[in-house]
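First comes the structure, then the notes that go with it.
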Amino acid sequence: MANIIEKKLISYIDKTDENKSSHWKKYLDKNSSFRDKASHLGFGTYTSKSYKDIFHKILQKLIFGNKVFKSEIFQKYKKIFDLQNRLIDTDTIRHILTFEKLKNKVNPKKICIIGDGKINGILGAHLTFPDAKIFSVNLSETLINDYVILKDLDIKLAESVELVDKIEFKTSNKILHIIPSHLKNFLLNRNIDLFINIASFQEMNVNEINKYFFIIKNNKSKIYCCNREYKKLFGNEEIYFNKYPWGNPKKLFWEDCPWHKKFYSLKPPFIRNYNGNCIHCLVDYK
Ligand SMILES: C[S@@+](CC[C@H](N)C(=O)[O-])C[C@H]1O[C@@H](n2cnc3c(N)ncnc32)[C@H](O)[C@@H]1O
242 MANIIEKKLI SYIDKTDENK SSHWKKYLDK NSSFRDKASH LGFGTYTSKS YKDIFHKILQ
302 KLIFGNKVFK SEIFQKYKKI FDLQNRLIDT DTIRHILTFE KLKNKVNPKK ICIIGDGKIN
362 GILGAHLTFP DAKIFSVNLS ETLINDYVIL KDLDIKLAES VELVDKIEFK TSNKILHIIP
422 SHLKNFLLNR NIDLFINIAS FQEMNVNEIN KYFFIIKNNK SKIYCCNREY KKLFGNEEIY
482 FNKYPWGNPK KLFWEDCPWH KKFYSLKPPF IRNYNGNCIH CLVDYK
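If you count by the numbering used here, then the sequence shown holds residues 242 to 527, one letter each, in order.
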């Protein structure tokens with residue numbers, strides 16, 4: 242049964258449709274199975290444990306090496322995923338590697354994830370920075386899918402969720418605020434000190450990217466951004482990482498992302514290259 246947050250988000254689908262690029266218009270709409278945790282709708286995977294786990298583990302070790310499995314953040318995700326019979330798959334490992342890299346470089350009090358999927362981002366943000374307030378802005382369908390996954394978890398974060406339903410919404414003491422993308426201007430002047438965007442700007446149109454950068458600069462925030470260097474969308478929009486409206490922030494790092502080079506599937510040839518280079522960076526607009 243959909244609860245009040247889900248019902249409101251369903252009623253916002255038409256509004257966030259206006260923020261969709263041709264990519265998301267093709268992949269996501271009212272009729273998609275976005276209330277199903279396991280549905281694969283282009284915003285990440287939710288893999289349940291099965292007899293195939295051993296094959297996942299072998300392929301993950303070949304791609305990512307051994308170290309990540311021993312990391313503190315891996316263990317924290319695992320404790321929660323085990324209770325849900327959820328496997329740590331590639332999408333989660335990408336996030337673990339991200340938070341392992343960020344944890345000693347930033348100490349945010351307010352974090353905003355733009356374009357999360359399957360809660361990998363909000364969960365990692367909470368596990369890495371447990372005292373931080375978290376904002377998650379996304380299309381309504383993805384927010385519903387995240388919320389369905391989140392509310393089944395037996396952790397404080399799952400109980401502490403607020404839906405922003407107007408731009409003037411007053412923040413509460415809840416840990417997580419979820420924001421449908423048509424209300425993104427709620428994020429202006431919020432003293433957010435870290436934005437995170439992973440594999441998400443690469444599929445938005447330029448106008449939408451510009452609006453998010455305006456918000457990031459307005460908050461004088463840092464942003465961790467990890468996206469394809471170039472992607473052509475179905476509607477022929479061409480999205481270039483270097484052409485985002487960066488301005489002139491302080492660059493803390495800016496390099497090819499080492500964990501967005503190869504991915505695997507359980508079918509031959511098992512390990513493949515990503516279709517295009519991914520850059521990741523941490524920059525500061527303070
Ligand atoms: C490929 S998924 C990436 C998910 C996750 N960050 C990851 O790396 O696994 C792209 C995400 O961008 C979101 N997205 C698309 N258009 C958006 C918009 N206008 N505002 C916010 N998020 C958007 C999608 O809903 C989806 O969650």
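No residue lacks a Cβ here, since even glycine has one placed at the ideal position from N, Cα and C.
Between ligand 1 and the CB of D270, the shortest heavy atom gap is not smaller than 8 angstroms. Shown here for S401: same chain residues with a beta carbon closer than 7 angstroms to its own, the five before and five after excluded, namely K415, I416 and L417 in chain order. In the DSSP assignment, I520 is bridged to N468 and D497.
Judged by their CB atoms, F442 and Y485 are nearer to each other than the 9 angstroms cut-off.
Note on I390: 16 or more other CB atoms within 10 angstroms of its CB, so buried under the neighbour-count rule. The C-beta separation of I304 from I512 comes to about 6 angstroms, placing the pair in contact by the 8 angstroms criterion. DSSP, reduced to helix, strand and coil, places S263 within a helical segment of the structure shown.
Straight across, the Cα-Cα distance linking W487 with R469 is about 15 angstroms. For T383, the closest C-alpha among the options K492, N514, N518 and A279 is that of A279.
Taking 9 angstroms as the cut-off, the beta carbon of I321 is found no closer than this to the beta carbon of I251.
Three or more beta-carbon pairs drawn from the stretch 463-477 and the stretch 258-267 are found closer than 8 angstroms, and the two stretches are therefore classed as touching. Counted as a single uninterrupted DSSP element, the beta strand (DSSP E) harbouring K351 occupies residues K351 to I355. Unbroken beta strand (DSSP E) runs of no fewer than 3 residues, entirely contained in the stretch 308-383, are found at 351-355 and 374-379, following chain order. With a cut-off of 8 angstroms on Cβ pairs, the stretch 429-443 is not in contact with the stretch 312-326, counting fewer than three such pairs. Under the three-state reduction of DSSP, I396 is assigned to coil, being neither helix nor strand.
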